[in-house]
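Engineer: Take the position in the sequence shown, starting the count at 1, then add 57; the result is the number in the numbering used here.
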Amino acid sequence: MSRQHAHRPAPAGPRPRTDPSQEQDQDRLVGRAEAAVRLSGTDPRLALSEARAVLELAPRAEPAGPYGEAASVALRASALAARELGDLELAEERLREAAVVARGHPRRVAQARMSLVTVRAQLGDPEGGLRLAALAERDLTGTDLARLDVQRSVALMLLGRHAEAARHCDRAISRLDEDPFFQAGALLNRGLAHAYLERYGTAEADLARCARIARRAGLDHLVMLAEGNLPFVAARRGDIAAAFTRYRAAEETLFGYPERLAAMRTDFAEALVAARLPGEARTLLEQAVPELVAAQAHAAIPGARLSLAQTALLSGDARLAGATARTAHAELAAQGRTAWLPLATEVVLRARLAETAGRPEDWLTPPAGGSAPGAPQTPGTRETPSAREIPSAEETPGTQEAPGSKEAPSSQEAPGDGLIAELVSCADALSACGWHAASSALRLTAATSAVRLGALGHAREQLRITAATATRPLVRWHAVALRHHLDGDLARALAAAARGIEAARPGSDADTGSDGDAAPQPGTGRPAAGAAAAAAAAAAAAAEDVRAPVRDAELRAHAARPAEDLAAFGLRIAIDRARRTGDAWTVLEWSERWRAVVRGAPPFPLPFPPGRAGTGLLVELVRRGDELFAVTAGSGGCALRALGSYQAAVEATTRVRYGLRRRVLRDAGHPAGADDEAVALELSALDRRLLSGPGTLTSPGSPDPGAAGPVTIVPTGALGTLPWPLLPSLRGRPVSVAADATRWFTPAPGPPGGDPLVLSVAGPGLDHAAAEAAMVVAAHPRARRVGATRAEVLRALERADVLHVAAHGLFSPRGPMLSHITLDDGPLMAYDLLTARRMPRLVVLSACDAGMAHAPVDGAALGLAGTFLDRGAACVVAGVVPVRDDEAPAVMTLFHRLLAEGRSPAEALAAAAAKSAVPGFVCFGDGRLAPG
């Protein structure tokens, strides 16, 4: 479960001589065994065969015996070959045998231990690997010590000690000029360490130098490892476009090496998860896992499968997450990788929660007098966890059952007291194995589960432990906020949540304060007697306060997102508080804060005093579990309205989209217009649910001047795929659909000055695309057509004020960055757009489903439309349902004619859609801008 580190076998050192009459035979066997060691990295199956041959020819091998040295080297060759073939358990067994039979040959013992360092680290015991390195160091000299430094760097990186790993590689590289195997390996490992340390230029330089040295030495496998890690480094840097470009190049390089290609995909997927692209990561992992299984890469399979489970959980597929995590748990247990077992157990438990009752945070309801519905009559009652639920400090790996080594829990049991105990037990196991951030996040989940069941004593105990031991300020503030919520003090709960969000920002001092409500620092809270495991966790957290967050972030501890969870919790509190006080503005503030956290951006500061309106009317949808709400803001003030079930609205949206698809494509033998009445009824019902009532939309001519003006819709979840302009209250009005309310609060963009440069593109496979592109050129005084190739379209993006693309588009809902537009020379991917240095103010995508921008979470407007907007486009006009090739020119002709007359995109689209009766196009972003 690590990067593709280099840990090539070390050449053999000098050996002591025994009986002179046996020296010639010994020399021959040792030389043959050393050749097998060298073969293990390039042809492990042949290396195994050669090692077996040596062992068969040395049948009298025994500790300190005449053939002990040859047998030790052969066993080490066999072990290294087994490791290359993915059998870590066999590799460990053979290396331990090699150390035993080499007794009397201390350097051979040390070499066996040196090779064992990375095997133990990959089996989940990097600390044990470092202890072996310390033992080996005593009997190694010269270049062997440099080789040991390279091996040691792998274990250090698995522990998150990347700076130390880089220093060990620094020390080794200059002493390995005569050993291209290990010198290239040291550069590879140092490059990865630099990537984790955010020294991306240095990382890429090391990987490039590694590839050069390996290529000169004919070490093709190391060349592939170096080039295969370039996508990982680019994704860590945040350069997603370069990451995907390098991924495509690495795919070609690794073609024919399915195991290494799958390992590269696994590593790249991990970086994509860190870059908030779990859907794209899941797509890669669904390719990688079967490839690893087919290649019998036993060591890599459990890690890749666990990553797949985590990405499935983040993508909302709890059933797949639970099943996959249980399989990964069994595989990890079979390989003895106990340190990773709690991560698999965590996914299983979170999947169970998601399958049975939704997110645990949704269970918190407005407390009355410090209690929750279903709580005992005495709210302050403590239910102290039993000794069985919290292990004692003596229950450490090696003396008792290893943390997380129990069979992964089944998904069939409904949540209850037993589940709370399992959550707490898993949190303890995560902490014991060094996953401190994951432990704290799961302990918060245990607390919210306890609240749901009315076990407030359990909840308060877990919150107290979390506040005292968590290494991350954000998690500690979350615990403080939850405690205030249990006390019924929503104002202080909101304030603590806000401090936690602020504490997550680099350079923030929000974790300190003198208001009497500062979150306790890790290790300063004293757990109650009997909670020895929590005390041990506090000590470990204090000792690793600097490196633990890095380790947790880097080693696939991706089952929870603490910042997003805290922002969502703050939003729920704001909704609860607004129900009592009518304070809708705070709900809007927290909705915007949540959306910003999801994007990884600082929250947009809403104007003060509260209630200052933007342009026209804002309708922002928010959720609390399945409850759907609308915050409306305009010149008449700000209001919150309950809209009923979110799932019911999503199902109605699905029916609308399906009806429009049948109507537009006229499939299944359906005559035109057969579904019009059903779609109209669904749209009317959705209109009444979402947009009617006090503080929302009224008919044109209303006294509210915002009612007939522009409307900005900020949807939530799957409601982003609704064709909003078709709702009766919005027909004929300028409508913009945005990922957040930022643009609504800012003045409408003014014209750039002079006639805008309009460029049009006609893609392949559409009968009317060329005529549509020509029409666009004819409609504008300064317009021309460009070729439909990826390079020309990317150049056009950097020059045009308006870009019109008439081409087929495909939205990828599970991996929005894998959406694309079909051009003459292949697909223009969503991630290709990230390379553009400038974007047009307006982009028109006259393509099927090109604007369908359903994101896994609110705020992250992905897909084609979202990518254009994120890169700087002010507005994207695109379809959210299929559009017929012969109908698109009608609406686009009217749209561009009105645009050329000076109408805003939202105004032009509203009028064009009404006159042409062609549904499905939406203005994403800010439809108010003046085009020229």
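Glycine is no exception: its CB is placed at the ideal position from the N, C-alpha and C atoms.
What does the alpha-carbon distance come out to for the pair Ala-351 and Phe-239?
Structural biologist: Counted from its first residue, the sequence shown places residue 351 at position 294. Counted from its first residue, the sequence shown places residue 239 at position 182. Those two C-alpha atoms are separated by around 29 Å.
Engineer: For the beta strand (DSSP E) that contains His-877, what are its first and last residues?
Structural biologist: Residue 877 sits at position 820 when you count from the first residue of the sequence shown. It spans 877-880 - the beta strand (DSSP E) in which His-877 sits, taken as one unbroken run.
Engineer: At what residues does the alpha helix (DSSP H) containing Gly-627 begin and finish?
Structural biologist: Within the sequence shown, numbered from 1, the residue matching residue 627 stands at position 570. Note, Gly-627: alpha helix (DSSP H), 619-638.
Engineer: From Pro-804 to Val-207, what does the alpha carbon distance come to, in whole angstroms?
Structural biologist: Against the sequence shown, residue 804 aligns to sequence position 747. Against the sequence shown, residue 207 aligns to sequence position 150. So the two alpha carbons sit approximately 57 Å from each other.
Engineer: Measuring alpha carbon to alpha carbon, tell me which residue in Arg-509, Glu-518, Leu-510 is nearest Arg-500.
Structural biologist: Stepping through the sequence shown from its first residue, residue 500 is reached at position 443. The shortest C-alpha separation from Arg-500 is found at Glu-518.
Engineer: Taking only runs that begin and end inside the segment 87-133, name each unbroken beta strand (DSSP E) of 3 or more residues, in chain order.
Structural biologist: For the segment 87-133, not a single whole beta strand (DSSP E) run of length 3 or above is found.
Engineer: So, under 8 Å CB-CB, Leu-400 and Ala-390 are touching, yes? Tell me the CB distance rounded to an integer number of Å.
Structural biologist: Position 343 of the sequence shown, counting from 1, holds the residue named residue 400. Position 333 of the sequence shown, counting from 1, holds the residue named residue 390. Their Cβ separation, rounded to whole angstroms, is 12 Å, which puts Leu-400 and Ala-390 out of contact at 8 Å.
Engineer: So if DSSP puts Val-859 in a beta bridge, which residue, or which two residues, is it bridged to?
Structural biologist: In the sequence shown, counting from the first residue as 1, residue 859 sits at position 802. Answer is Val-815, Leu-899.
Engineer: In chain order, what residues of the same chain have a beta carbon less than 7 Å from the beta carbon of Glu-403, not counting five sequence neighbours either side?
Structural biologist: Counting from 1 along the sequence shown, the entry for residue 403 is found at position 346. The residues are Cys-483, Leu-487, Ala-495, Leu-499, Ala-616.
Engineer: Could you check which residue in Asp-733, Gly-716, Leu-779, Gly-766 has the C-alpha nearest to that of Leu-743?
Structural biologist: Counting from 1 along the sequence shown, the entry for residue 743 is found at position 686. Ranking the options by Cα distance to Leu-743, first place goes to Leu-779.
Engineer: Would Leu-329 and Ala-292 be called neighbours here (beta carbons separated by less than 8 Å)?
Structural biologist: Sequence index remark: in the sequence shown, residue 329 carries index 272 (1-based). Sequence index remark: in the sequence shown, residue 292 carries index 235 (1-based). Closer than 8 Å, so yes.
Engineer: Where Leu-860 and Ser-869 are concerned, what is the direct C-alpha to C-alpha distance, given to the nearest angstrom?
Structural biologist: Counting from one through the sequence shown, the residue named residue 860 turns up at place 803. Counting from one through the sequence shown, the residue named residue 869 turns up at place 812. The straight-line gap from Cα to Cα measures roughly 22 Å.
Engineer: Pick from Arg-656, Gly-275, Val-940: whose alpha carbon is nearest that of Gly-716?
Structural biologist: On the sequence shown, position 659 is the one that residue 716 refers to. Closest option to Gly-716, Cα to Cα, is Val-940.
Engineer: Provide the residue(s) that pair with Glu-684 in DSSP beta bridges, ordered along the chain.
Structural biologist: Working through the sequence shown from its first residue, we reach residue 684 at position 627. Answer is Arg-681, Ser-702.
Engineer: Drop a sphere of 10 angstroms on the beta-carbon of Ala-307, count the other beta-carbons inside from all chains shown, and report buried for 16 or more, exposed for fewer.
Structural biologist: In the sequence shown, counting from the first residue as 1, residue 307 sits at position 250. The residue in question, Ala-307, is buried, as its Cβ has 16 or more Cβ neighbours within 10 Å.
Engineer: Is the beta carbon of Leu-816 closer than 8 Å to that of Arg-841?
Structural biologist: To locate residue 841, count along the sequence shown from 1; it is residue 784. To locate residue 816, count along the sequence shown from 1; it is residue 759. Taking 8 Å as the Cβ cut-off, Arg-841 and Leu-816 qualify as a contacting pair.
Engineer: Whose C-beta lies closer than 6 Å to the C-beta of Tyr-888 among residues of the same chain, with five residues either side of it excluded?
Structural biologist: Against the sequence shown, residue 888 aligns to sequence position 831. Excluding residues within five positions, the ones whose Cβ falls inside 6 Å are Ile-297, Ala-298, Phe-301, Met-874.
Engineer: Between the Cα of Gly-701 and the Cα atoms of Thr-710, Glu-708, Arg-746, which residue gives the shortest distance?
Structural biologist: Position 644 of the sequence shown, counted from the start, is the residue given in the question as residue 701. Closest option to Gly-701, Cα to Cα, is Arg-746.
Engineer: Since Pro-884 sits in a beta bridge, which residues does DSSP pair it with?
Structural biologist: On the sequence shown, residue 884 is found 827 positions in, with the first residue counted as 1. Its beta-bridge partners are Thr-879.
Engineer: How big is the Cα-Cα spacing for Leu-96 and Ala-104?
Structural biologist: Stepping through the sequence shown from its first residue, residue 96 is reached at position 39. Stepping through the sequence shown from its first residue, residue 104 is reached at position 47. Straight-line Cα distance between these residues: approximately 5 Å.
Engineer: Write down the C-beta distance between Val-771 and Ala-795 rounded to the nearest angstrom, noting that I regard them as a contact closer than 8 Å.
Structural biologist: Looking up residue 771 in the sequence shown gives position 714. Looking up residue 795 in the sequence shown gives position 738. Val-771 to Ala-795, Cβ: 5 Å. Contact.
Engineer: Could you check where the alpha helix (DSSP H) with Thr-643 kicks off and where it finishes?
Structural biologist: As a first step, residue 643 is located in the sequence shown; it is residue number 586 there, counting from the start. Element bounds for Thr-643: 641-656.
Engineer: What separation, rounded to the nearest whole angstrom, lies between the Cα atoms of His-825 and Ile-878?
Structural biologist: Locating residue 825 in the sequence shown gives position 768, counting from the first residue. Locating residue 878 in the sequence shown gives position 821, counting from the first residue. Looking at the two C-alpha atoms, the distance is approximately 16 Å.
Engineer: Do you know offhand how far Ala-798's Cα is from Leu-675's?
Structural biologist: For this step, residue 798 is matched to residue 741 along the sequence shown. For this step, residue 675 is matched to residue 618 along the sequence shown. Answer to the nearest angstrom: the Cα atoms are 8 Å apart.
Engineer: Just the Cα atoms here: how many angstroms apart are Tyr-257 and Val-290?
Structural biologist: Locating residue 257 in the sequence shown gives position 200, counting from the first residue. Locating residue 290 in the sequence shown gives position 233, counting from the first residue. Rounded to the nearest angstrom, the two C-alpha atoms are 7 Å apart.
Engineer: Which class does Arg-317 belong to by DSSP, given the choice of helix, strand or coil?
Structural biologist: As a position in the sequence shown, residue 317 is number 260, starting the count at 1. Arg-317: helix per DSSP, three-state reduction.
Engineer: Leaving out five residues on either side along the sequence, give the residues of the same chain with a beta carbon under 6 Å from the beta carbon of His-837.
Structural biologist: On the sequence shown, position 780 is the one that residue 837 refers to. Hits under 6 Å: Val-815, Ala-957.
Engineer: Using a Cβ-Cβ cut-off of 8 Å (strictly less than) and excluding sequence neighbours within five positions of Glu-412, which residues of its own chain qualify?
Structural biologist: Here residue 412 is taken as the residue at index 355 of the sequence shown, counted from 1. Only Ala-375, Arg-376, Gly-379, Ser-468 meet the Cβ criterion.
Engineer: For the alpha helix (DSSP H) holding Gly-185, just list the boundary residues, first then last.
Structural biologist: Numbered from 1 along the sequence shown, position 128 holds the residue referred to as residue 185. Element bounds for Gly-185: 183-194.
Engineer: Would you call the segment 543-560 and the segment 626-640 in contact, with 3 or more CB pairs under 8 Å?
Structural biologist: Flag = yes, the segment 543-560 and the segment 626-640 touch.
Engineer: Between the C-alpha atoms of Arg-960 and Asp-812, what's the straight-line distance to the nearest angstrom?
Structural biologist: For this step, residue 960 is matched to residue 903 along the sequence shown. For this step, residue 812 is matched to residue 755 along the sequence shown. Straight-line Cα distance between these residues: approximately 14 Å.
Engineer: What is the DSSP secondary structure of Phe-289, counted as helix, strand or coil?
Structural biologist: Within the sequence shown, the letter at position 232 stands for residue 289. Here Phe-289 sits in helix by DSSP.
Engineer: For a test of the three-state rule: what should DSSP assign to Val-934, helix, strand or coil?
Structural biologist: Counted from its first residue, the sequence shown places residue 934 at position 877. Strand.
Engineer: Check this for me: beta carbons of Ala-785 and Leu-740, under 8 Å apart or not?
Structural biologist: To locate residue 785, count along the sequence shown from 1; it is residue 728. To locate residue 740, count along the sequence shown from 1; it is residue 683. Before going on, a small fix: residue 785 reads as Pro here, not Ala. Their beta carbons are under 8 Å apart, which means Pro-785 touches Leu-740 by this criterion.
Engineer: Taking the CB atoms as reference points, tell me whether Gly-883 and Arg-847 lie closer together than 8 Å.
Structural biologist: For the purposes of this step, residue 883 is taken as residue 826 along the sequence shown, with counting starting at 1. For the purposes of this step, residue 847 is taken as residue 790 along the sequence shown, with counting starting at 1. Going by C-beta atoms, Gly-883 is nearer than 8 Å to Arg-847.
Engineer: Can you tell me which of the three DSSP states Cys-980 falls into?
Structural biologist: Taking the first residue of the sequence shown as 1, we reach residue 980 at position 923. Three-state DSSP puts Cys-980 in a strand.
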